[in-house]
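Okay, structure first, notes after.
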Amino acid sequence: MGYGDPFDDGAAGALVGRAKELDRIRDFLGATDRGGALLLSGQAGVGKTVLLDAVAESASTAGTRVLRAAGVEFEADVSYSGLNQLLFPLSETFGELDGTHQEALRVALGFGSGASPNRLVVSSATLMLLRHVAAADSLLLVIDDLQWVDRASAAVFGFVARRLGGSRVAFLGAVRQGSESFFNRGGLPEYEVPPLDETASRALLDARFPNLAERVRRRLLSAAEGNPLALLELPTVLSGQQRMALENLPPVLPLSQRLQALFLSRVSGLPAASRRVLLLTTMDGTGDLGVLQAAAREADCGADLEDLAPAEQDQLVTVDEGTRRVVFRHPLIRSAVVDACSSAERRAAHRALARALAHQPERRAWHLGEASVEPDEQVAALLEETAQRITARGDALGAVAALIRAADLSPHGSDRARRLAEAAYIGADATGELRGVSELLEDARRADPDLAGSLRSAAAAVYLVINGDGDIDTAHRLLVGAIESGTHQYDAEDNAVVDAVHLLLLLCFFSGRAELWDPFYAALSRLRPEPPALLSVAGRTFSDPARSGAAALDRLEDILGGLPEETDPGRIVRVGTAALYLDRLPALREPSWRVVRQGRDGGPVRRHLGALMHLCLNDYLTGRWDECVELAEEGAQLCEDSGYRFFTWYFWYCRAVVAAPRGEDATVGLLTGRIERWAAPRGVGTALHYARHIRTLADLGRGDFTGAYGHATAISPSGTFASHVPHALWVMMDLVESAVRTDRPAEAAAHVRAIRDNDIAALSPRLALLAGASAALSATDDEESVRLFGEALALPDVEQWPFELARVRLAHGERLRRARANTEARAQLTPAHDAFAELGARPWMDRAAKQLRAAGWVAPRGDAGGKVLTPQEREIADLAASGLSNKQIAERLYLSHRTVGAHLYQIFPKLGITSRAALRDALGALEE
């Protein structure tokens, strides 16, 4: 994309004082054959829109196709309104997409009907469409006022902006400084547009108002503080006498108030017909000329599009002939238009727009809701239906807004209460807006004092209890009472019932106590005609998998088979819950990453957290320890930021469960202490079991087998699997090994019998490996032990569990060495040592090295310093050696550039180098 003279300060029509900003944008767009994104930020009126206009015009002149959209304050709750603006000119090309993506776009943008599509599908469809169009002509996407773009569109824009590399599509957006926005700016290059300096401010003022008296000029320059919009607008309210300093200026000119008053007076000065059309334009939000013409006709107010002319002449709006949309010159004009009209006029505009948008049910429902002043069940029902559709798209906040408005319009207290309770539940379960949930519940109870039996109300209250200072027992009693006293008839088609029983499943799991599970099993058995498959499976695999997990294996595999096509983030997380203790989380990796990316782009926070939990646990088991730590830190911060503080312990555990085998004792002590102090008074027994697991691992690595035995048996006694303590599966080999090492052969043998009697090996290849190794560890005869170790290591698919595999090899090698089979011992100990080294498990690597030396061989060195690179360090080092910058590496690995820098800071001394230039040779030396 070329630009040329329009960017030259000396060119006609060039922007005053913006050479630096234009150079920055020109540098960005000069590389748009490779794609990319740039955000402009700055205070209101600083000139972001003017810069966008100049860039768009120049790009269009140079042959680039430009697509534009702008956030609309009054459409922030209307899903995909911003995306509708952007893609409307491409609507005729939707047919060139495949059926799934074509249908997703048509439904999301209101061009078709059908089931509401998943936001990720809409995002992918948008990206595919833009890349397809850009194959013929390079594209520039210009998005103004991102702070007012609706949540759904903002998520799509964020998704697209981060994936334009290698395309011929450029993304240029503008966002108001200091404003809250649904658009996730993280990781995108951003340039803050500063106010004009004094020289440029004076030049701009002199160019537009050359006859100002110097005293007046200085006063205006001081009041404007370099804000171009204020510089251009403030003089227009002055009389000729004031401009020439023949009359005093007002003593105080607060910029924001004065500008607002200025716009209001300019709008009020328009003909009544013009104001009516501007009001329709404001309330519509899209500026679509077709919609505005139809709405004006429906309003029957004696106005049509011709009445926009005075507003155009006064430079309040412009009409983009390319997109056939009305564009406001500044967002404050919209506010002024609203302020200039009565509430009755605003409602009339909404009614007219609702009639004009009869073919777009979601937008129609919003306008009907805004037009209504008294209870109207029909409109309330339409808004409730809209909430259901946008909930299915993952737009939880939009659904909450729709339900609250539906509740406001509900004639009957019971309906109002039900809708408020639904809004509270969605807010608590998905959005992270916990602060408003309590108020919604209180409003619901006032509307219907009998709401105590509402499942949605009870479920929302449970989230408030556990994320506050409440305990699991209180939350459990509250939810069980609502389930058992409800009027739902245990209808398995009722989402409220199924969601409540699933939440009860989680509470029972968190408790770590068998006695709390009875109400769950009772509720599950009463569901008619039968429990949903996923809930039924989770009821077996997440409760007491040692005893009931095997019976659900086939149904779980069937559910996992449908994951590639699954788009509902809530269901993906629930499948992960069912899959966890049967070690099927690897099948969830890609779907979970989809949920995480959706969450990072503004999707439901609770789903984001659930997917992070499952990724962390799978990363630990499969040896992606650095990623586990990264995601655990992301999850802990997200819990803090969102108010879901209950789930923080999960991420403390995920961080500590990597720190323990790596010998990071200080981190282990800090995090297990946090877990224990938080969980004990709240009755979160499972968190205490998780903390004991961490301490068990740390003790085993240090060789403190007495401590390890104590912690392992606190989770589950030897000789049995504690009822409804699924984490007992994760420490079964730890218990056996520590029993053998502390001269407790009877306890070790008893636990091996329990493993065999419960057929734990049938649950997963990993558990089969641990079961076989446990039997080998407890065998008193060396030949029998060696045979059992060999059988365990010969099991299929054990390589995907590198830490567990290395531990079994270490134990096998130790047994062989004691049997004086040193050659065979080294064959097991060497790969164990190397695996521990790759994982950074220093204490375990030292144990393996000690055994290797005893077997007559010196442990291999990782490098001159005896240190090795972790897998993630090696990946970062390879990318850096290839010439990528920290920022490019970060984008490729989904890390922050600071994290990449920190890794390189550790990598250089490990390799004995001091600069990037030496990386290639140092890495090559490691291969020799």
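Per our numbering, residue 2 is the first one in the sequence shown, and the count goes up by one each step. The beta carbon of each residue, even a glycine, is placed where N, CA and C say it ideally should be. Remember, predicted model here, so these are calculated numbers, not experimental data.
How about residue i and residue j: are their beta carbons less than 7 Å apart?
{"i": "A462", "j": "A431", "result": "no"}
{"i": "L384", "j": "D285", "result": "no"}
{"i": "N1", "j": "P196", "result": "With the chain covering only 2 through 929, there is no way to say anything about residue 1."}
{"i": "A856", "j": "A826", "result": "yes"}
{"i": "P118", "j": "A137", "result": "no"}
{"i": "E920", "j": "A881", "result": "Looking at the sequence shown, residue 920 is not Glu but Leu. For L920 and A881, yes; Cβs fall inside 7 Å."}
{"i": "A372", "j": "R352", "result": "yes"}
{"i": "A476", "j": "A501", "result": "no"}
{"i": "A751", "j": "G711", "result": "no"}
{"i": "T743", "j": "T697", "result": "no"}
{"i": "R356", "j": "E299", "result": "yes"}
{"i": "S82", "j": "R132", "result": "no"}
{"i": "V438", "j": "A429", "result": "yes"}
{"i": "T283", "j": "L293", "result": "no"}
{"i": "E521", "j": "F543", "result": "Per the sequence presented here, residue 521 reads as Phe, with Glu not at that position. The answer is no: Cβ separation not under 7 Å."}
{"i": "A713", "j": "V732", "result": "yes"}
{"i": "T668", "j": "A660", "result": "yes"}
{"i": "L279", "j": "V374", "result": "no"}
{"i": "S786", "j": "V737", "result": "no"}
{"i": "T930", "j": "Q801", "result": "Outside the modelled stretch of the chain, which goes from 2 to 929, sits residue 930, for which no answer is possible."}
{"i": "F172", "j": "A38", "result": "yes"}
Starting from residue i and walking both ways along the alpha helix (DSSP H), at which residues does that stretch end?
{"i": "D783", "result": "783 to 794"}
{"i": "A101", "result": "The sequence shown places Thr at residue 101, not Ala. Element bounds for T101: 100 to 109."}
{"i": "D559", "result": "554 to 562"}
{"i": "W731", "result": "From DSSP, W731 is part of no alpha helix (DSSP H); its letter is neither H nor E."}
{"i": "D28", "result": "20 to 30"}
{"i": "H834", "result": "823 to 840"}
{"i": "W653", "result": "649 to 660"}
{"i": "M245", "result": "Run containing M245: none; DSSP gives neither H nor E here."}
{"i": "H813", "result": "803 to 819"}
{"i": "L271", "result": "No alpha helix (DSSP H) contains L271, which DSSP labels as neither H nor E."}
{"i": "Y691", "result": "686 to 703"}
{"i": "L940", "result": "Residue 940 is absent from the model: the chain starts at 2 and stops at 929."}
{"i": "H133", "result": "120 to 135"}
{"i": "V538", "result": "534 to 542"}
Opposite residue i in the DSSP bridges: which residues?
{"i": "D289", "result": "R326"}
{"i": "G37", "result": "A171"}
{"i": "L140", "result": "R66, V170"}
{"i": "D145", "result": "A71"}
{"i": "S42", "result": "V176, E193"}
{"i": "S848", "result": "For clarity, residue 848 is Arg in the given sequence; the question names Ser instead. DSSP output for R848 lists no bridge partner at all."}
{"i": "R854", "result": "DSSP output for R854 lists no bridge partner at all."}
Between which two residues does the beta strand (DSSP E) holding residue i run?
{"i": "R66", "result": "66 to 71"}
{"i": "D430", "result": "No beta strand (DSSP E) holds D430; DSSP gives it neither H nor E."}
Note down, in chain order, each residue of its chain lying with its Cβ closer than 8 Å to the Cβ of residue i, except the 5 sequence neighbours on either side.
{"i": "Q907", "result": "E874"}
{"i": "A493", "result": "V499, L528, R529, P530, E531, P532, P533"}
{"i": "V320", "result": "L290, L309, E313, R326, V327, V328"}
Between residue i and the rest of its own chain, which residues show a CB-CB distance below 6 Å, the 5 nearest in sequence each way excluded?
{"i": "D78", "result": "G399, A402"}
{"i": "A918", "result": "none"}
{"i": "A424", "result": "V401, L404, I405, L441"}
{"i": "A523", "result": "none"}
{"i": "I914", "result": "A923"}
{"i": "A807", "result": "A833, A836, F837"}
Might you give, ordered along the chain, the residues of its own chain that have their beta carbon closer than 7 Å to the beta carbon of residue i, omitting 5 neighbours on each side?
{"i": "P376", "result": "L410, S411, P412"}
{"i": "E567", "result": "I573, P592"}
{"i": "G270", "result": "none"}
{"i": "G571", "result": "R608"}
{"i": "G303", "result": "A274"}
{"i": "A709", "result": "T697, D700, L701, D735, S739"}
{"i": "L504", "result": "A460, V463, L480"}
At what residue ranges does the segment 317 to 373 contain a whole run of the alpha helix (DSSP H), taking only runs of 4 or more?
DSSP runs (the alpha helix (DSSP H)) wholly in the segment 317 to 373: 332 to 340, 344 to 357, 362 to 372.
Mind pulling the alpha helix (DSSP H) runs of 4 or more residues that sit fully within the segment 165 to 214?
199 to 209, all fully within the segment 165 to 214.
Start-end ranges of the beta strand (DSSP E) lying completely within the segment 461 to 518, minimum 3 residues:
none
Runs of 4 residues minimum, wholly inside the segment 732 to 780: which ones carry the alpha helix (DSSP H) assignment?
Entirely contained in the segment 732 to 780, the alpha helix (DSSP H) runs reaching 4 residues are, in chain order, 733 to 742, 746 to 758, 766 to 779.
At what residue ranges does the segment 579 to 632 contain a whole run of the alpha helix (DSSP H), taking only runs of 4 or more?
590 to 601, 606 to 623
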